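What follows is a single structure, written as structure tokens, with notes after it.
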DNA sequence: GTCTATACACCGATAGAC
DNA sequence: GTCTATCGGTGTATAGAC
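Residue numbers (our numbering), protein chains in the order written: chain A, 1 to 191; chain B, 1001 to 1191.
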């Protein structure tokens, strides 16, 4: 259509994110997006051919920003610590749940999600491989296994926190902290 | 309203599950449910006062069945192995994604989900505590931490498998197998 | 780039007959 | 217990003026 990257374009994606987070994908409609930025519904279809396009583009912009944060953390002095910080402070868990649900039935979105998972995991594996080189005593699990454990736990902890469950969180966070301290003994920090 | 537990009642919950799994909560409508079991839309409102009630009841029935499986596994000869089997072969990950998304904005469902998480975790902790008694060398992580790791990983692996991602799965499954073998050295099995 | 107006489908929920 | 019929509301998407 026209003008990806313009002010209205970004405003629509911003609204889409907020609606997804606060009201769920069932509420992500062209009318609702338009209402959020005080324009008429018709304009949404000027920027996005279908609502499907809007959803895919919303995830795409979000995932590119997230990968940027991960690459920045990878290049830092304490990659493991900073990558974990990015994972545990990533986008709202409710919004992630919505994208997951959508990805199961939207093939274009699914491909974007798969791309994101694979790229982010590659960054994590790179950091873990470098940190664990010559330290076989820290973990017998391969870097790829540790990476999936990290993302999986970060997501579960965020989600349960949002639901109001806390059982076992302290234990897991302590274990992760110990692991990072052993693999990357540079400075001390709080989780 | 009337007759919870009757044939039509169960048929409606069965349909609701299938629709959630295959089409998402956006498609879970009274008309769609009625269509699936060849009755008219009006009948759904005879069994469930609102669509909200139908959703909550669908999760409730499912979670009670799941807890029953977990309790059965706990009472078996190899509790850790069997509980893990239940976790990794639980309800379809797409359906779980839908319930998660719904629970973030439906307070009655949220309470049911919290109850399920806490009860299932208690069962897992019980099994882990018993298995690890006097075996401090197997893991330094407390049982509650190990429980959240297990559920978290089972869900992530199922979800990624459904999406078509495999990176690191083999490593994680091997690690879990090793852990169970060390904590519960009874018989050998495949994961 | 932003608007008015509209076609057409589907939603939740209810009234009331049999 | 199951049906027909219907209300008011909201959804995607498009035509076309300014």
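A virtual CB, placed ideally from N, CA and C, is assigned to each residue, including glycine.
As the structure is a computational prediction, the values presented were derived from the model and not from experiment.
Taking only runs of the alpha helix (DSSP H) that begin and end inside the stretch 1008-1067 of chain B, which ones reach a length of at least 4 residues, in chain order?
Secondary structure in the stretch 1008-1067 of chain B: the alpha helix (DSSP H) runs of 4 residues or longer, each lying completely within the stretch, are 1030-1036 and 1041-1047 in chain order.
For residue 1120 of chain B and residue 1057 of chain B, the rounded distance between their alpha carbons: Distance between the alpha carbons of residue 1057 of chain B and residue 1120 of chain B is about 18 angstroms.
Q.
I want to see whether chain B comes within less than 8 angstroms of residue 117 of chain A, judged by CB atoms only; does it?
A. For residue 117 of chain A, the answer is yes, since a Cβ of chain B falls inside 8 angstroms of its Cβ.
#### Entry: Validate contact between the stretch 1016-1033 of chain B and the stretch 94-110 of chain A using beta carbons, cut 8 angstroms, 3 pairs
As far as the Cβ criterion goes, the stretch 1016-1033 of chain B touches the stretch 94-110 of chain A, which means the pair count is three or higher.
| field | Partners in chain A for residue 1172 of chain B, counting only beta-carbon separations shorter than 8 angstroms | value | The contacting residues are 141, 145, 148 and 149.
| message | Quick check: the stretch 1122-1130 of chain B against the stretch 125-144 of chain A, are at least 3 beta-carbon pairs closer than 8 angstroms? | response | Taking a cut-off of 8 angstroms for Cβ pairs, the stretch 125-144 of chain A and the stretch 1122-1130 of chain B do not touch, as fewer than three such pairs fall below it.
*Let me know the secondary structure DSSP gives residue 1105 of chain B once reduced to three states.*
Of the three classes helix, strand and coil, the one that applies to residue 1105 of chain B here is coil, per DSSP.
Query raised in the report: When the Cα of residue 1181 of chain B is compared with those of B:1081, B:1035 and B:1052, which residue comes out closest?
Result: Answer by Cα proximity: B:1081.
By how many angstroms is the C-alpha of residue 170 of chain A removed from the C-alpha of residue 1145 of chain B?
-> Between the C-alpha atoms of residue 1145 of chain B and residue 170 of chain A there is a straight-line separation of about 8 angstroms.
Do residue 1090 of chain B and residue 118 of chain A have their beta-carbon atoms positioned less than 8 angstroms apart in this structure? Result no, Cβ atoms of residue 118 of chain A and residue 1090 of chain B do not sit closer than 8 angstroms.
For this session: Give the secondary structure of residue 85 of chain A by DSSP, where H, G and I count as helix, E and B as strand, and everything else as coil.
Result: The DSSP-derived three-state label of residue 85 of chain A is helix.
Pull out every residue of the stretch 68-88 of chain A whose Cβ sits closer than 7 angstroms to any Cβ of chain B, in chain order.
Within the stretch 68-88 of chain A, no residue qualifies.
Does any residue of chain A have a CB that is nearer than 8 angstroms to the CB of residue 1100 of chain B?
Any Cβ of chain A closer than 8 angstroms to the Cβ of residue 1100 of chain B would place that residue at the interface, and such an atom is present.
Helix, strand or coil at residue 148 of chain A according to DSSP, with G and I counted as helix:
Note: residue 148 of chain A maps to helix in three-state DSSP.
ask   = Looking at the structure shown, is residue 1178 of chain B part of a helix, part of a strand, or coil, going by DSSP?
value = Residue 1178 of chain B falls in the helix class under three-state DSSP.
ask   = Hey, would you say residue 153 of chain A sits closer than 8 angstroms to residue 1149 of chain B, going by beta carbons?
value = The Cβ atoms of residue 153 of chain A and residue 1149 of chain B lie closer than 8 angstroms to each other.
- Message: Do residue 1094 of chain B and residue 1162 of chain B have their beta-carbon atoms positioned less than 8 angstroms apart in this structure?
- Response: Going by C-beta atoms, residue 1162 of chain B is nearer than 8 angstroms to residue 1094 of chain B.
Problem set entry | Beta-carbon contacts of residue 40 of chain A that lie in its chain and below 8 angstroms, excluding the five residues immediately before and after | Excluding sequence neighbours, residue 40 of chain A sits near 34.
query: Who are the neighbours of residue 175 of chain A on chain B, taking C-beta pairs under 8 angstroms?
result: Those are 1140, 1141 and 1145, listed as they occur along chain B.
**Q.** Reduced DSSP category for residue 4 of chain A - H, G, I as helix; E, B as strand; rest coil
**A.** Looking at residue 4 of chain A - three-state DSSP - the assignment turns out to be coil, as it is neither helix nor strand.
Distance, residue 1116 of chain B Cα to residue 183 of chain A Cα: Rounded to whole angstroms, the separation of the alpha carbons of residue 1116 of chain B and residue 183 of chain A is 36 angstroms.
**Prompt:** So which residues on chain B does residue 25 of chain A lean against when the C-beta distance must stay under 9 angstroms?
**Reply:** The answer, in chain order, is 1024, 1025, 1026 and 1101.
Between the alpha carbons of residue 38 of chain A and residue 1048 of chain B, how many angstroms are there, rounded? Residue 38 of chain A and residue 1048 of chain B have their C-alpha atoms roughly 38 angstroms apart.
| query | What residues from chain B crowd round residue 97 of chain A, counting only those whose CB sits closer than 7 angstroms? | reply | Proximity of chain B to residue 97 of chain A at the Cβ level (cut-off 7 angstroms) is accounted for by 1097, 1100, 1101 and 1104, in chain order.
### Query
If you count every other CB in all the chains shown that lies within 10 Å of the CB of residue 68 of chain A, and 16 or more means buried, which is it?
An exposed status is given to residue 68 of chain A, since fewer than 16 other beta-carbon atoms sit within 10 Å of its beta-carbon.
With a CB to CB cut of under 8 angstroms and the five nearest residues on each side skipped, what residues in its chain are close to residue 1085 of chain B? Excluding sequence neighbours, residue 1085 of chain B sits near 1073.
task = Answer with yes or no whether the minimum CB distance from residue 1153 of chain B to chain A is below 8 angstroms.
result = Yes, residue 1153 of chain B counts as interfacial toward chain A.
| said: Measuring alpha carbon to alpha carbon, tell me which residue in A:83, A:124 and A:159 is nearest residue 147 of chain A. | reply: Closest by alpha carbon: A:124.
| residue 174 of chain A versus residue 1140 of chain B - alpha carbon distance | Going from the Cα of residue 174 of chain A to the Cα of residue 1140 of chain B covers about 10 angstroms.
Quiz item: Secondary structure at residue 1185 of chain B, three-state DSSP: helix, strand or coil?
Solution: Here residue 1185 of chain B sits in coil by DSSP.
Q: Find the residues of chain B that neighbour residue 30 of chain A, judging by a C-beta separation of less than 9 angstroms, and give them in chain order.
A: None at all; the shortest Cβ gap to chain B is about 15 angstroms.
field: Contacts around residue 113 of chain A, its chain only, beta-carbon distance under 6 angstroms, and the 5 residues preceding and following it disregarded
entry: Here the set comprises 103.
* For residue 77 of chain A, does the three-state DSSP call read helix, strand or coil? -> Shown here, residue 77 of chain A sits in coil according to DSSP, grouped into three states, outside any helix or strand.
The stretch 1033-1048 of chain B: positions lying closer than 8 angstroms to chain A by Cβ: Residues: none.
### Query
Taking buried to mean at least 16 other C-beta atoms within 10 Å of its own C-beta, is residue 204 of chain A buried or exposed?
Outside the displayed span of chain A (1 to 191) sits residue 204 of chain A, for which this structure offers no information.
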